[in-house]
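Protein chains in written order, with the working numbering: chain D, 17 to 272; chain X, 8 to 349. A short worksheet on the structure shown next.
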Amino acid sequence: MNWKTFLALLSRDGHVARRNLLPMLLQNLLQPLLFTFVFGRVMTSSGMLPASYKSLLLPGVMAISMVMAGVQAVAMPLIAEFQFTREIEDRLLAPIDIGWLAVAKIITGMIQAMFAGLVVIPAAWLLMGSGLKLDFGKPVEFAVVCLLVALFSSAGGLALGCSVGQTQIGLMFSLVLAPMLMFGCAYYPWSALSGFPILQIAVLFNPLVYASEGLRGALAPQFPHINTLLVIAALVAIDGLLLVLGLKKFESKAVS
Amino acid sequence: MGIGIRIEELRKVYDTPPPSAAGRAGFSFTPMKSGAKSGPKKKFEIVALDGVSFEIRAGEVFGLLGPNGAGKSTAIGILTTRTRPTSGRAFIGDHDIWREQVSAKRLLGVVPQRPNLDFALTAREILVFHGAYFGQSAREREKHADELLEKFKLTDRATHMVRTFSGGMMQRLSIARAMMHNPEILFLDEPSAGLDPQTRLLLWEIVRDYNRLGKTIVLTTHYMDEADTLCDRLAIIDHGRIIAQGTPQELKSSIPGGYLLRLRFDRAPEELIAELRKLPGVTEVRTADHMAADVYADRGGPLIGPIVNAANAAGSELRDVHIAEPSLETLFLHHTGRSLRD
């Protein structure tokens, strides 16, 4: 392992991410925050939804922001770098095993996902107004869930970025990300699906479910949520799976 | 003094289309679709390199010459760790390139066929980060980057994003980047494709200068003059096989007769071809159809008179003549029966 090269690869990604900070924030945060405003403020203050919905919604919005930020932070640059121009080639020729380049990408993606997730808390607080009840009594649980969510989102971004071509980005959003968001238990708890037993089982294949339920368990445990230990176990399994898949895809994409 | 390369029986078969950007645009493949449901599925397959062996000596300028799709870029891909060989081995110095990739990568610098610069960075950042990947100290890489920018006349654009650069500037920056970590072996994949004549001369000068430092240069080209003036030794490659190798001089003198006269008649009956074979200085006559003949001889112009006489005697008319002096082009034609640019 060649630390100097690895740190240089990381600092290159960090440098580019800093340069694109504002567009990155807008891209990842605008939509969840608009959603927060409409459902957390407009709908609750008009009495169409109970005020307690705010606290139920916030962990879900945070999960969405983290997942979208992590996936996009890794997948979008990769798609561009692997296309026709092969911009990534210079880094593939750096004196380090090419798998480490993918690891550097995952770490940058994780940092961006955590950042996007943590920005949501104060921003939503401001947008939703009074009545938000969050519990910060389980910092370790919260940190572990955050880390695992950040990891699966950026490892998932790696797998997606290496499987999707430039022309299929639109399809990726409408076929993969949109259903994932709607059936991710971000806007409702998993238990709310009990009237739809098949769907309730099917969504368990959606990693966003564990992100939403895990953050709900950590921040708003007053609502029904899947047991946090089960969530953590599921997240660890998903992380492992996506990591292996992503690294494999990366390798086969990088070497012809 | 420099580091050499040894290649043993390299073979590369692609079972999926190779990435276009690696510059294999010349492949004339048609993916075979699995047709009706019955019958075995036919797999897509291209043999890009077919048992290639050669040696590149330390400190020489070595050229791989061949038409588009001959396997040049695949060879470079394997030698630079970017393509996995199907079988065979390649060594840089003592390092097996595929098994000891990291050690191999430290020794080589690559100028790709098409610039693959990091579009998210400025020109100077590209060089500085490249230096950082190779473990150079901050001071060392800043200094070296500035020197290279100066040398390649890019100083005034150093802080611009490279996506705004012209093709020639990108090419210059690609070369600067490849030299940033002082590699022992510099690979240039069709370096002068798309360059104007002036930049091309500049490029040749830079390559010679770098070679004078004792570095090994490997370049691919389909330009005869480039191979001729720049390379100490050459391998001519076609359809994934090496068809000839040696110094440009050796290769040229291996052509029978040296001169090639490409003749076209209204018709060329057997007796005319037989007459041509008997002309003084003629070593070989090849004919593909009953219209044209390729005559290899030790002289060019002086043969025209006798050829016209022979044609008249056979009742044919000479329609077109092209005289090629001894060159790599005629050598290529001799071995493959087609021109390099076909």
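Cβ atoms here follow ideal geometry from the backbone N, Cα and C, with glycine treated the same way. Small disclaimer: the values here were computed from a predicted structure and weren't measured.
At least 8 Å separates the beta-carbon of D245(X) from that of A97(X). Annotation: the continuous beta strand (DSSP E) that includes I192(X) extends over 192-196. The beta carbon of R13(X) is closer than 6 Å to those of E62, F98 in its chain, skipping five residues each way along the sequence. Proximity of the segment 169-181 of chain D to the segment 111-129 of chain D meets the contact definition, three or more beta-carbon pairs being nearer than 8 Å. Here F172(X) carries a coil assignment [DSSP, helix/strand/coil]. Within the same chain, Cβ atoms closer than 8 Å to the Cβ of Y69(D) are found at F55, G56, M59, T60, the five residues on either side in sequence being excluded. With respect to chain D, the C-beta atom of G142(X) has a partner C-beta closer than 8 Å.
One thing to note: R18(X) has its Cβ within 8 Å of the Cβ of S94(X). Of the candidates A295(X), L220(X), A234(X), A234(X) places its Cα closest to the Cα of L338(X). Taking the Cα of I250(X) as reference, the smallest distance to any Cα among T236(X), T343(X), S334(X) is reached at T343(X).
For L202(X), same chain residues with a beta-carbon under 7 Å away, outside a window of 5 residues either side, are G175, Q178, L210 in chain order. From the listed residues S179(D), F158(D), R102(D), I114(D), the smallest Cα separation to L245(D) is found for F158(D). The alpha carbon of T227(X) has as its nearest neighbour, out of Q120(X), E149(X), L283(X), D153(X), the alpha carbon of Q120(X). Identification of chain D residues near P198(X) by a Cβ-Cβ cut-off of 7 Å yields none; the smallest Cβ-Cβ distance measures about 16 Å.
Secondary structure of H137(X) (DSSP, three-state): helix. Here the alpha carbons of G288(X) and T23(X) stand approximately 50 Å from one another.
For R89(X), the number of other beta carbons within 10 angstroms of its own is at least 16, and it is reported as buried. In chain order, T129, R131 place their CB closer than 7 Å to the CB of T166(X), counting only its own chain and leaving out the 5 sequence neighbours on each side. Cβ-Cβ separation between I85(X) and P92(X): approximately 5 Å, consistent with a contact (criterion under 8 Å). The C-beta of L108(D) comes closer than 8 Å to at least one C-beta of chain X.
From the beta-carbon of S179(D), no residue of chain X is found nearer than 8 Å; the closest lies around 14 Å away. Within a 10 Å sphere around the beta-carbon of A320(X) sit fewer than 16 other beta-carbons, which makes this residue exposed.
DSSP places G115(D) in no beta strand (DSSP E) but in the uninterrupted alpha helix (DSSP H) bounded by 114-144. Unbroken alpha helix (DSSP H) runs of no fewer than 4 residues, entirely contained in the segment 260-286 of chain X, are found at 277-285, following chain order. Per the coordinates, the alpha-carbon of I185(D) lies some 12 Å from the alpha-carbon of C178(D).
Not a single C-beta of chain X is nearer than 8 Å to the C-beta of R34(D). By the Cβ neighbour-count rule, H137(X) is buried, with 16 or more other Cβ atoms within 10 Å of its own. Within chain X, the residues whose beta carbon sits less than 8 Å from that of D113(D) are Q108, V109, listed in sequence order. In the displayed model, D239(X) falls within coil according to three-state DSSP, outside both helix and strand. The segment 70-89 of chain D and the segment 225-232 of chain D touch, with no fewer than 3 CB-CB distances between them shorter than 8 Å. Residue pairing for H329(X): DSSP places it in a beta bridge opposite R269(X).
Here F221(D) is exposed: its Cβ has fewer than 16 other Cβ atoms, across all protein chains shown, within 10 Å. Residues of chain D whose Cβ lies closer than 7 Å to the Cβ of H137(X) are, in chain order, D106. For D22(X), none of the residues of chain D pass the 8 Å Cβ criterion, the least Cβ distance being about 11 Å. At a cut-off of 8 Å between beta-carbon atoms, R91(X) makes contact with chain D.
For I53(X), the uninterrupted beta strand (DSSP E) run begins and ends at 53-63, by DSSP.
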